[in-house]
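Residue numbers (the numbering used here): 27 to 975.
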């Protein structure tokens with residue numbers, strides 16, 4: 027699998043198997059310390075190298091926007107198989123089955139986790155895995171001890187105590203086992219040895235649980251009789267049988283609770299919307315970590331969000347706790363502060379877990395917190411309890427798809443889920459991966475044995491009835507969300523009431539998220555007022571915000587909001603809100619245009635209607651960042667506006683035209699094509715001839731870059747005809763230049779040159795500096811291909827001067843890249859490499875991955891000519907990885923042809939032949955016959971040597 031870094035990279039992907047992992051996370055795992063500047067590129071290269079190996083092994087690596095996802099079956103990864111077996115053991119019907127599962131899980135271990143791969147972020151992962159193994163080992167031995175296997179367990183426990191001399195749980199198990207086996211003297215020796223170690227090396231006495239075991243051994247009595255008279259309440263409700271997932275949250279709670287030893291009170295605050303599984307997690311954690319709190323578990327449902335019931339007062343909860351601890355005097359104090367002080371005194375020397383479920387706010391919780399010692403607290407609430415000092419806050423999100431499937435399987439049974447796994451995945455999706463919704467769906471399937479999973483999935487696919495379907499007896503997703511909504515709506519606080527209104531208004535928007543400015547326009551409120559309402563919704567877990575100024579709904583909450591919008595807002599009001607918000611969006615997009623394409627005349631054609639309300643940006647970098655943040659909303663805004671007849675058609679047209687500059691800089695031509703498909707439809711519907719001409723032009727540019735040359739030419743001929751008919755000389759020149767690009771891509775260089783010369787003359791007459799610069803660059807490319815290097819250099823240099831005059835950094839780097847190709851052709855290799863390095867840095871700074879790939883391709887060619895073959899191969903591999911991901915077939919074929927040449931020069935004939943064969947297939951699929959013939963000539967000697975005699 028390669029060297030240590032490749033192995034660490036693979037380990038990081040396997041640790042996140044079937045979950046997205048960002049490139050930044052992979053960099054942190056791969057390098058122990060400060061990563062090199064080339065770390066991102068190295069990760070991409072290593073992923074490309076690992077992809078083939080993983081595919082052969084039965085896995086698959088998916089490329090995502092922000093990173094990668096390794097898809098594997100759970101049984102292919104020991105850690106996943108281990109977790110699966112442990113979960114089965116935890117719910118096994120008897121001890122014998124549980125022990126068999128535990129032992130099977132433990133047999134998967136071959137030593138310390140990630141041995142030999144420590145460093146970077148993997149250290150923490152390895153510690154977590156090892157901790158999990160030790161906990162499971164102890165659980166297994168407890169089950170075996172319950173089956174009366176004490177004598178057999180003694181050697182294994184002695185080994186574990188020797189390996190982990192300060193782990194009190196193993197020592198306790200050894201003492202218990204020896205006591206049960208009738209070996210009292212050895213049990214007392216084991217306790218003395220542990221105490222000596224703790225006192226001499228750590229200055230600590232054994233914990234209360236071990237001291238109780240010691241007393242039991244002294245009395246030769248079972249450990250359970252050594253507890254003494256103090257009550258040890260176990261008030262936590264029954265664990266949820268279908269509880270699934272939440273591994274990360276449980277690991278955090280385990281870390282915060284430590285071993286339950288003396289120290290500051292650990293307070294864990296679980297927050298999230300109703301139905302997200304807060305109470306289930308709290309109860310499960312209370313069962314799972316109860317052994318760390320030998321003095322008991324206190325539990326109280328504080329009814330902070332329970333329909334029809336008043337919240338429990340702190341005084342009432344304190345009285346319950348004092349009675350449970352048998353610490354209540356004959357007459358309980360009626361003052362909350364006095365009762366809280368009595369409670370803190372009663373638990374001062376105890377190691378106790380307190381679960382405060384369904385809290386209303388921090389004021390309700392604060393009096394119920396222990397004051398010190400080794401206690402732990404778990405609080406659940408729909409609101410962010412930010413005023414709870416010292417608490418560790420965990421915001422619960424929906425389950426993953428796999429966790430959702432596991433929950434369904436536990437409820438319905440594997441047979442029905444396995445019969446239609448695709449329908450099961452759809453069902454999880456329609457449930458929004460909410461535990462409550464999945465619980466209802468599973469219960470409905472369990473109650474209707476004649477239903478298939480597909481039957482219920484089809485019912486939930488209908489947005490209009492989904493919330494109706496997610497009701498069963500007293501369980502209801504709608505009612506759970508409505509409870510939080512009603513609380514806001516009935517508040518005396520104007521911010522709460524604004525937030526309640528916003529639930530309906532925000533749901534009008536179809537996009538994946540919403541910015542604060544966009545939301546303010548939807549709500550028709552000043553930004554400050556809107557932001558306060560949005561943040562209040564976040565506090566109430568009815569809206570999420572991972573990034574400042576950006577918000578998004580959970581799917582089921584959005585559906586609830588749409589129901590409310592239908593009730594409270596007329597159709598005209600919904601259309602007006604969309605028009606306001608998308609209108610601001612259009613104006614802001616047009617404001618970015620001159621920053622990204624200085625000198626372009628297109629902004630001059632925009633009317634005032636959509637540019638008056640806009641947010642301005644000081645520089646291209648800030649404009650690009652905003653556009654990147656909004657990228658997922660571009661097509662949504664267009665589609666939603668186009669689908670609503672009450673929204674002006676010009677809104678769609680202006681937004682589509684305004685986005686061209688951004689997608690040109692980002693080289694995202696697929697987006698340009700999708701956008702202009704919509705614009706063409708709307709422009710034709712509204713009979714807008716000017717919009718049709720521009721849309722055909724932009725579509726032609728996109729299709730040319732996407733290597734669909736026949737379709738590009740068809741659109742450009744339509745654009746040329748329309749611009750000519752309207753007397754639009756600027757538009758005509760732009761469309762004609764793009765037609766030149768089609769000719770050039772198809773190898774018709776003379777025809778391309780004629781188009782560019784005609785356009786240049788028109789641009790000069792019109793005083794269009796940008797048009798001149800672009801056409802000079804295009805002419806330089808053709809002249810270079812024709813071997814007229816002096817003319818090519820003059821054209822490129824003049825074009826770059828014009829881009830410099832316009833202040834267009836992106837235009838300059840394109841010209842510089844073309845100039846580097848000229849330096850290669852004229853054997854000025856060192857100059858070419860220097861220029862290409864500058865280009866690479868600029869493309870990286872503007873986020874143009876295609877531009878970066880083209881630089882790698884070009885620099886690889888230069889380095890081959892310099893006989894720097896390994897560096898050349900590295901460049902071509904980097905280029906091919908990105909080009910393959912972007913689907914740029916022509917450039918990929920060129921890169922593969924080049925890598926084949928390098929491999930041939932390195933004496934790796936088989937690898938060279940492999941790359942050339944792929945390049946040949948790509949050139950043939952593109953109809954590029956002369957390039958295909960060139961590759962065939964390269965393959966011919968290799969084919970001859972492999973042909974049978």
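Every residue, glycine too, gets a C-beta built ideally from N, C-alpha and C.
query = Which residue comes first and which comes last in the beta strand (DSSP E) that contains residue 402?
reply = 402 to 407
ask   = First and last residue of the alpha helix (DSSP H) that includes residue 379?
value = Run containing residue 379: none in the alpha helix (DSSP H); it sits in the beta strand (DSSP E), 379 to 385.
task = Let me know the secondary structure DSSP gives residue 34 once reduced to three states.
result = helix
task = Hey, could you find the ends of the beta strand (DSSP E) residue 872 is sitting in?
result = First-last for residue 872: 855 to 872, but that is the alpha helix (DSSP H), not the beta strand (DSSP E).
inquiry  = Assuming the contact rule is C-beta atoms closer than 8 Å, residue 709 and residue 717 should be a hit. Round their C-beta distance to whole Å, please.
reply    = Contact holds; Cβ gap of about 4 Å.
query = For the beta strand (DSSP E) that residue 225 lies in, which residues bound it at each end?
reply = Neither: residue 225 is in no beta strand (DSSP E) and is coded neither H nor E.
query = Taking residue 771 as the reference, which of 952, 624 and 930 has the closest Cα?
reply = For the residues 952, 624 and 930, the minimum Cα distance to residue 771 belongs to 952.
Alpha helix (DSSP H) runs wholly inside the stretch 461 to 542, at least 4 long, in chain order = 461 to 473, 479 to 487, 492 to 495, 503 to 515 and 520 to 532
ask   = Going by other Cβ atoms of all chains shown within 10 Å of its Cβ, with 16 needed for buried, is residue 377 buried or exposed?
value = buried
message = Three or more C-beta pairs under 8 Å: does that hold for the stretch 453 to 472 against the stretch 418 to 430?
response = yes
message = For residue 795 and residue 831, which I take to be in contact (beta-carbon distance under 8 Å), what is that distance rounded to the nearest angstrom?
response = 7 Å
ask   = If you follow the alpha helix (DSSP H) that residue 690 is part of, which residue opens it and which one closes it?
value = 686 to 691
key: Buried versus exposed call for residue 412 [16 or more other C-beta atoms within 10 Å across all chains shown]   = exposed
inquiry  = Does residue 396 pass the burial test, meaning 16 or more other C-beta atoms within 10 Å, or should it be called exposed?
reply    = buried
inquiry  = I want to know whether the stretch 726 to 744 touches the stretch 687 to 701 - three or more CB-CB distances under 8 Å.
reply    = yes
Residues near residue 255 in its chain [Cβ-Cβ closer than 8 Å; skip 5 each side] = Since pLDDT at residue 255 reaches only 46, below the 50 mark, its modelled position is unreliable, and no value is offered.
ask   = Do you know how far the Cα of residue 889 is from the Cα of residue 706?
value = 45 Å
key: Beta-carbon proximity check, residue 406 vs residue 296, cutoff 8 Å   = Yes; because the gap between Cβ atoms is below 8 Å, this pair is in contact.
query = For residue 110, which three-state DSSP category applies?
reply = helix
Check whether residue 758 and residue 792 have beta carbons under 8 Å apart = no
query = I think residue 276 touches residue 292, with their Cβ atoms under 8 Å apart; what is that distance to the nearest whole Å?
reply = About 14 Å; that fails the 8 Å criterion.
query = Which residue comes first and which comes last in the alpha helix (DSSP H) that contains residue 893?
reply = That residue, residue 893, is in no alpha helix (DSSP H); it is neither H nor E in DSSP.
Cα-Cα separation between residue 249 and residue 194, rounded to whole angstroms = Legend: pLDDT at residue 249 = 43, less than 50; position of this residue unreliable, value from coordinates given subsequently. So the two alpha carbons sit approximately 15 Å from each other.
ask   = Helix, strand or coil: which one does DSSP assign to residue 578?
value = In the three-state reduction of the DSSP assignment, residue 578 falls in the strand class, which pools E and B.
query = Excluding the five sequence neighbours on either side, which residues of its own chain have a C-beta within less than 6 Å of the C-beta of residue 865, listed in chain order?
reply = 839, 842, 843 and 881
ask   = residue 89 by DSSP, collapsed to three states: which one?
value = strand
request  = Sort 537, 512 and 536 by Cα distance to residue 527 and report the nearest one.
outcome  = Closest option to residue 527, Cα to Cα, is 512.
key: N- and C-terminal bounds of the alpha helix (DSSP H) containing residue 363   = 362 to 372
ask   = Within the present structure, is the beta-carbon of residue 76 separated from the nearest heavy atom of the ligand FAD by less than 7 Å?
value = Within the structure as shown, the ligand FAD is missing, as the structure has no ligands at all.
task = Using three-state DSSP, classify residue 326 as helix, strand or coil.
result = strand
task = Verify whether the separation of the beta carbon atoms of residue 44 and residue 97 is less than 8 Å.
result = yes
inquiry  = According to DSSP, simplified to helix, strand and coil, what is residue 302?
reply    = coil
query = Does DSSP put residue 47 in a helix, in a strand, or in coil?
reply = strand
query = Helix, strand or coil: which one does DSSP assign to residue 292?
reply = strand
query = Taking Cβ positions, are residue 164 and residue 205 nearer each other than 8 Å?
reply = In this structure, residue 205 does not lie closer than 8 Å to residue 164 by Cβ.
request  = Go ahead and pull the three-state DSSP assignment for residue 241.
outcome  = Helix.
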